[in-house]
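First up is the structure itself, then whatever we jot down about it.
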Amino acid sequence: MAAHFPEPELIEHLLCLNLFSKKIPSVGIVLDCCTKPSHDLGRDDFFNAMFEEMKDFLIRNKIKKVLVACPNCYKIFDQYGGNLSVMSVYEFLANLDVPAKKISAQIVTIHDPCAMRFK
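As numbered in this note's numbering, the sequence shown has no gaps in its residue numbers, which increase by one up to the final residue, 152.
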């Protein structure tokens, strides 16, 4: 399994990776972009080349499931990932048996992007 985080916030990614590795010791991290913007702009040759390169890398490394934080990545892996299954990081976190620990008095909300509704 690989966790896919395209954003540059490395510290948060490493904290998530540490949490995930307690549940799945072999989890890895990929920081590449799925190139959905190129897909949507009609840059099909670029999109196909870049996404196939990433997909081939994952398959060569025996990855079967990809966890994604980005709704665009979810849609791309779902549509073009072939035998790779895709799961939202938030769905994965909801299924973890992690004890709640209050670290702040602030209320936090996770936005369900329109692109992910009904998934």
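Cβ atoms here follow ideal geometry from the backbone N, Cα and C, with glycine treated the same way.
Euclidean distance between Cα positions of I62 and N81: Here the question's residue 62 lines up with position 29 in the sequence shown. Here the question's residue 81 lines up with position 48 in the sequence shown. Between I62 and N81, the C-alpha separation is close to 22 Å.
Three CB pairs or more closer than 8 Å across the segment 45–59 and the segment 70–90: no
Helix, strand or coil at V141 [DSSP, three-state]: As a working note, residue 141 is residue 108 in the sequence shown. Reduced to three states, the DSSP call for V141 is coil.
Span separating the alpha-carbon of Y123 from that of C49: Indexing the sequence shown from 1 puts residue 123 at position 90. Indexing the sequence shown from 1 puts residue 49 at position 16. In this model, Y123 and C49 are separated by some 11 Å (Cα to Cα).
I109 to D77 span [Cα, whole Å]: As a first step, residue 109 is located in the sequence shown; it is residue number 76 there, counting from the start. As a first step, residue 77 is located in the sequence shown; it is residue number 44 there, counting from the start. Their Cα atoms are separated by approximately 13 Å.
Among S71, G114, Q139 and F125, nearest to L91 - alpha-carbon criterion: Taking the first residue of the sequence shown as 1, we reach residue 91 at position 58. Answer by Cα proximity: G114.
When L74, R93 and V141 are compared against N116, the one with the closest alpha-carbon: If you number the sequence shown from 1, residue 116 lands on position 83. Answer by Cα proximity: R93.
With 16 other Cβ atoms within 10 Å as the buried cut-off, status of K134: If you number the sequence shown from 1, residue 134 lands on position 101. With fewer than 16 other Cβ atoms within 10 Å, it is exposed.
Close-in-space but distant-in-sequence residues of the same chain around T142 (CB under 7 Å, 5 per side omitted): Within the sequence shown, numbered from 1, the residue matching residue 142 stands at position 109. For T142, where only same-chain residues beyond five positions count, there are no Cβ hits under 7 Å.
Contact belief for M120 with K98 at Cβ below 8 Å, rounded distance in angstroms: On the sequence shown, residue 120 is found 87 positions in, with the first residue counted as 1. On the sequence shown, residue 98 is found 65 positions in, with the first residue counted as 1. That belief holds up - the Cβ atoms of M120 and K98 are roughly 6 Å apart, short of 8 Å.
Beta bridge counterpart(s) of L91 as assigned by DSSP: To locate residue 91, count along the sequence shown from 1; it is residue 58. The partner list for L91 (beta bridge, DSSP) is empty, contrary to what the question assumes.
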